[in-house]
Amino acid sequence: MGRREEPIRVTRSSMPPFAEYTKMIQELWESHWLTNMGDFHQMLERELKEYLQAENLSLFVNGHLALEMAIQAFGLTGEVITTPFTFASTTHAIVRNGLTPVFCDIREDDYTLDPEKLERLITKQTSAIIPVHVYGNLCRVEQIEAIANKHQLKVIYDGAHAFGECLDQKGVASFGDACMFSFHATKVFNTIEGGAVSYQDPELASEINGLKNFGILDEETVALVGGNGKMNEFQAAMGLCNLKYVEQEIGKRKHIYRQYQNRLSGIRGIRLCPEDPRVKRNYAYMPVVFEGYKKDRDQIFRELEQHEIHPRKYFYPCVNAYQCYKGRFLPEDTPVARRISQEVLTLPMYADLPLDVVDEICDLILKN
Ligand SMILES: *Cc1c(COP(=O)(O)O)cnc(C)c1O
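Numbering follows our numbering, with no gaps: position 161 of the sequence shown is 214.
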């Protein structure tokens, strides 16, 4: 097989037609209003609130700060129960708020926080649960909500992977007290860098919007020790352009997902995520678990790399095995997460990934 011109990466950022973006940002050369909740910011906030079916929504410069500042706005204390099978951001947002993460193991089938193992981790110090809709697999929201209500805990979802998804036609923003979304370049919908938090209680608006702008309430009143989490107008313009195409992009992703599924499902030792008929999916990722397969994850990773195909070991290592948390947690406490992190490979997935590349990837995985 001839060498391809460009390597195949795990993802490729969606971009709108160049002329649509430049036409929008031309207005900024006229207004000279580049950030601080300008017109594009307000438009995108309105459009996303509707698209995501959010009661309330606030844009941020990135998803991480949206989560970090949402945690601060809720005034959480003590311990927060979360999953170790996620991106660094989820746990770091907890720790950077001076809170203690307590890791709950994940479910075998969809890798989300296991509600069966949740309740025994609750102590007098617990103030919240921060689960992750990992790979766009929606958490057991009803079970988590029942436990949270019983113990009066807040639930903030890390919905970085769940943009646009619905459970029984209800947007993911409807679940829990709040949900963070990431609009990073690598996500299903991007604003270059960017993010948002949706939340149920309208009373939180002044806190959340205040925190992202240094706590400045008005010209003479600084009411909170906030930071700077504002999305700028160039980001918002990118979002307005990309939002027009997001459904179309998700449709293309679905097509690619089906091709992977046709080739890889039903093969001994290869596990794909289950599909829940109640969920409208966004096909953000293509995670595959190799468990007792003829080749292990690392061998497949190396073979694909040799062919200029670059999957990712998302999420390896688990957060509770990170160097920066050494000595604070035991990865053995979450054995399912630990094992899955050693067996999972996230294959290339983006709207314009050619189907013959999908076939090539599957051929490489399946050959002896
Ligand atoms: C991408 C991501 C984040 C962070 O979002 P940014 O917009 O990159 O700051 C948080 N959590 C998860 C699970 C993510 O994948």
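Backbone N, C-alpha and C define an ideal beta-carbon position, used for all residues, glycine too. All figures in this text were calculated on a predicted structure; none of them were measured in a lab.
Same chain, Cβ closer than 7 Å to residue 294, neighbours up to 5 away in sequence not counted: Locating residue 294 in the sequence shown gives position 241, where the first residue counts as 1. In chain order, 69, 73, 74, 77 place their CB closer than 7 Å to the CB of residue 294, counting only its own chain and leaving out the 5 sequence neighbours on each side.
Cβ contact (3+ pairs, closer than 8 Å) linking the segment 169-187 and the segment 403-414: In short, these stretches do not touch, since the Cβ pair count stays below three.
Is it the case that the CB of residue 88 approaches a heavy atom of ligand 1 more closely than 8 Å? Here residue 88 refers to the residue found at position 35 of the sequence shown. No, since every heavy atom of ligand 1 falls outside the 8 Å radius drawn around the Cβ of residue 88.
Check for me: the alpha helix (DSSP H) holding residue 208 runs from which residue to which? Translated into the one-based positions of the sequence shown, residue 208 becomes position 155. Careful: residue 208 lies outside any alpha helix (DSSP H), inside the beta strand (DSSP E) at 207-211.
Buried/exposed call for residue 297, threshold 16 Cβ in 10 Å: Here residue 297 refers to the residue found at position 244 of the sequence shown. Exposed.
So residue 286 packs on residue 94, CB below 8 Å; how close in whole Å? Taking the first residue of the sequence shown as 1, we reach residue 286 at position 233. Taking the first residue of the sequence shown as 1, we reach residue 94 at position 41. Going by Cβ atoms, the distance from residue 286 to residue 94 rounds to 6 Å, so yes, they are a contact pair.
Backbone CA spacing between residue 146 and residue 320 [nearest angstrom]: For the purposes of this step, residue 146 is taken as the residue at position 93 of the sequence shown. For the purposes of this step, residue 320 is taken as the residue at position 267 of the sequence shown. It is roughly 39 Å from the alpha-carbon of residue 146 to the alpha-carbon of residue 320.
Any residue with its C-beta under 6 Å from a non-hydrogen atom of ligand 1 counts. Can you list them all in chain order? Per the Cβ criterion, the list is 115, 116, 117, 139, 140, 142, 143, 185, 211, 213, 214, 235, 237, 248.
Take residue 63 as the anchor and find which of 419, 380, 401 has the nearest alpha-carbon. Looking up residue 63 in the sequence shown gives position 10. With distances taken between Cα atoms, residue 63 lies closest to 401.
Close Cβ partners of residue 365 (< 6 Å) along its chain, the five nearest in sequence each way excluded: Here residue 365 refers to the residue found at position 312 of the sequence shown. For residue 365, same chain residues with a beta-carbon under 6 Å away, outside a window of 5 residues either side, are 63, 399 in chain order.
Could you work out which residue in 242, 343, 185, 355 is closest to residue 65 when comparing CA atoms only? Here the question's residue 65 lines up with position 12 in the sequence shown. Considering only alpha carbons, the answer is 242.
Note the first and the last residue of the continuous beta strand (DSSP E) segment covering residue 324. One-based indexing of the sequence shown puts residue 324 at position 271. In the DSSP assignment, residue 324 falls within the beta strand (DSSP E) that extends over 323-325.
Nearest-angstrom Cα distance between residue 389 and residue 108? Against the sequence shown, residue 389 aligns to sequence position 336. Against the sequence shown, residue 108 aligns to sequence position 55. Residue 389 and residue 108: Cα-Cα distance of roughly 35 Å.
So who's on the other strand from residue 224, going by DSSP bridges? Numbered from 1 along the sequence shown, position 171 holds the residue referred to as residue 224. Partner(s): 219.
According to the Cβ coordinates, are residue 207 and residue 181 closer than 9 Å? The count along the sequence shown starts at 1 and reaches residue 207 at position 154. The count along the sequence shown starts at 1 and reaches residue 181 at position 128. It is a contact, given that the beta carbons lie within the stated cut-off.
To the nearest angstrom, how far is it from the Cα of residue 348 to the Cα of residue 158? Residue mapping note: residue 348 aligns to position 295 of the sequence shown, counting from 1. Residue mapping note: residue 158 aligns to position 105 of the sequence shown, counting from 1. Rounded to the nearest angstrom, the gap between the Cα atoms of residue 348 and residue 158 is 26 Å.
For residue 111 versus residue 261, is the C-beta distance shorter than 9 Å? Locating residue 111 in the sequence shown gives position 58, where the first residue counts as 1. Locating residue 261 in the sequence shown gives position 208, where the first residue counts as 1. Yes; because the gap between Cβ atoms is below 9 Å, this pair is in contact.
For residue 86, I'd like the list of residues in its chain whose CB is within less than 8 Å of its CB, leaving aside the five on either flank, ordered along the chain. For this step, residue 86 is matched to residue 33 along the sequence shown. Excluding positions up to five away in sequence, the list reads 92, 286.
Checking 9 Å against the spacing of the C-beta atoms, do residue 335 and residue 218 come in under that value? Here residue 335 is taken as the residue at index 282 of the sequence shown, counted from 1. Here residue 218 is taken as the residue at index 165 of the sequence shown, counted from 1. Yes. Within cutoff.
Residue 132 (DSSP reduced to helix, strand or coil): On the sequence shown, residue 132 is found 79 positions in, with the first residue counted as 1. Here DSSP, grouped into helix, strand and coil, assigns residue 132 to strand.
Helix, strand or coil for residue 281, going by three-state DSSP, please let me know. Counting from one through the sequence shown, the residue named residue 281 turns up at place 228. It is a strand residue.
Candidates 187, 132, 324, 103: closest to residue 138 by CA position: Here residue 138 refers to the residue found at position 85 of the sequence shown. Residue 187 is the option with its Cα nearest to residue 138.
In three-state terms, what does DSSP make of residue 232? Translated into the one-based positions of the sequence shown, residue 232 becomes position 179. Reduced to three states, the DSSP call for residue 232 is strand.
Pull up the distance between the alpha-carbon of residue 237 and that of residue 114, whole angstroms please. Taking the sequence shown and counting its residues from 1, one reaches residue 237 at position 184. Taking the sequence shown and counting its residues from 1, one reaches residue 114 at position 61. Residue 114 has its alpha-carbon roughly 10 Å from the corresponding atom of residue 237.
How close, in whole Å, do the beta carbons of residue 119 and residue 282 come, if the pair is a contact with beta carbons under 8 Å? On the sequence shown, residue 119 is found 66 positions in, with the first residue counted as 1. On the sequence shown, residue 282 is found 229 positions in, with the first residue counted as 1. Cβ-Cβ separation between residue 119 and residue 282: approximately 7 Å, consistent with a contact (criterion under 8 Å).
Going by beta-carbon coordinates alone, are residue 343 and residue 396 separated by less than 9 Å? Against the sequence shown, residue 343 aligns to sequence position 290. Against the sequence shown, residue 396 aligns to sequence position 343. A distance below 9 Å separates the beta carbons of residue 343 and residue 396.
By how many angstroms is the C-alpha of residue 302 removed from the C-alpha of residue 369? Taking the first residue of the sequence shown as position 1, residue 369 is located at position 316. Taking the first residue of the sequence shown as position 1, residue 302 is located at position 249. Taken atom to atom, the span from the alpha-carbon of residue 369 to that of residue 302 is near 28 Å.
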